[in-house]
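Residue numbers (mature numbering (1 follows the signal peptide of the UniProt record, and there is no 0)): -19 to -1, 1 to 262. Have a look at the structure below before the remarks.
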Amino acid sequence: MPSLSSMLLASALVCFTVASPVIDRRHSECPASTTFYKCRSRAGIQFEGCCSQDACTLGFCPDTQYPPSATVTPSTPSATPAQTSIPSSTPTALPATECIPGANFTQWEPKMYNVYPNATESKYTNLTDTFLITQETGAANKRDAIVVFSNINATDNAECELQWYQPLAGSNFGYFNSGMMTWYQLDIPEEKSFDEFIGNIDELSYDTVRDVIGDRVGQPDISFWPQSPSLMDHLVTTLPCKKELAFYATVAGDTEGIVIMESTPFTENIGPLGWNLKYTC
C-alpha cells in the first residue's frame, strides 16, 4: 500500500498546494520516519527540513507548522453522508456575539488542540486555530484533534447542537481521500473545566485524555461538500448543554486521509465556516 505522501504525489486530485519537491541528501540526518524536503511551491510557499509527510505536496509540514490559508480545495466526493444538512442564506452581517436570554445563539471559535496517539513522545503544545486531523493506512501516524467549547451560556435543560458550517470555495477547508471523521465526547468530571482537568495545558497529550474519551457522538463527513454549493449548517449531534463541552475527533476507520477546516465566525467574502455550537440562551 503506498504511503500518504506518494499517493498525494500520484493523485490527480488537487487537494493541497502543488509543489515540486527536491529530496536532499540530508534525509539521512532526519529522525526515523521522516524525510528531508526542500522545495518551493507554485504559490511561493517554501519549505526546507525534515517532515513525516510530503511537505512539498502539502505546502506545509503538519509536524511543526500550521496550514497556509486558502490553499485547500476539495477532492472527488464520496458516498452521501448520514448527517443532517440545513440550507442557510449567504450571511450579510457578522454573527451575533451576545447571548440574549431566550434567543438562539451560535457559538464559534472553540479551542482546538492536536494530539498524536502513535507518537513515542507524549508532550505536545499545539493550540491551533485550524482543525487538522490526519492518518496513514492502518490508522498509523495519527494526528487527532481535541475541540473545546467553553463558557456555554445556555438556558437550563437546553440541548446543544454540534454543527459544522459549510463555506463557499476559497476557504481553508477540504480533505484528501476520505472526509469522514469520528467524534467522541470527552467525559471531563463535572466539577472541573478541561484546563483544570489537564492541569498544565502545556502537558496536554493523548495519554492525558485517553481514559476520558467517552461515547461516539457522530461521524461528520465533508466528502460531499463540492456537490452542495449552498452555504449550510450540518448537524453532527444533539446533546445536553453544559458549561463546557469537549470532544475528541479522529479520521474514521483505518483508511488514510486528511481533513482540514478553518473555524471562524466570519471570513471576508466567504462568511462563517467550521465547527460551532447552537443553543438557546
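We put the beta carbon where it would ideally sit given N, CA and C, even for glycine. Predicted, not measured: the structure shown is a model, and the values here were computed from it.
DSSP bridge partner residues for Trp164 (one or two, in chain order): Gly199 and Ala230
CA-to-CA distance, Pro221 to Gly30, given in whole angstroms: 46 Å
Sub-7 Å separation of Gln88 and Leu258 beta-carbons: yes
First and last residue of the uninterrupted beta strand (DSSP E) at Tyr97: No beta strand (DSSP E) holds Tyr97; DSSP gives it neither H nor E.
Residues sharing a beta bridge with Arg124, DSSP: Thr115
Between the CA atoms of Met213 and Trp206 - distance to the nearest angstrom: 10 Å
Close Cβ partners of Phe130 (< 7 Å) along its chain, the five nearest in sequence each way excluded: Gln88, Pro91, Glu225, Leu226 and Leu258
Buried/exposed call for Asp125, threshold 16 Cβ in 10 Å: buried
DSSP-derived helix/strand/coil call for Ile241: strand
Per DSSP, cross-strand counterpart(s) of Trp256: Trp145
Inter-residue Cα distance where the pair is Lys173 and Glu184: 17 Å
Cα-Cα separation, Asp176 to Pro148: 30 Å
Under the three-state DSSP convention, the category Phe205 falls into: coil
Rounded separation between Gly255 and Trp145 - CA only: 5 Å
Contacting residues, own chain, Cβ-Cβ under 6 Å from Thr236 (five flanking each side not counted): Ser159
Sequence-distant residues of the same chain with beta carbon closer than 7 Å to Asn85, five excluded per side: Lys259 and Thr261
Glu79, DSSP secondary structure in three states: coil
Pair within 7 Å by beta-carbon distance, Glu140 and Thr219: yes
Residue from Val193, Tyr156, Cys42 and Tyr229 with nearest C-alpha to Gly238: Tyr156
Range covered by the beta strand (DSSP E) that runs through Thr87: Asn85 to Gln88
CB of Ser186 within 7 Å of CB of Val96, strictly: yes
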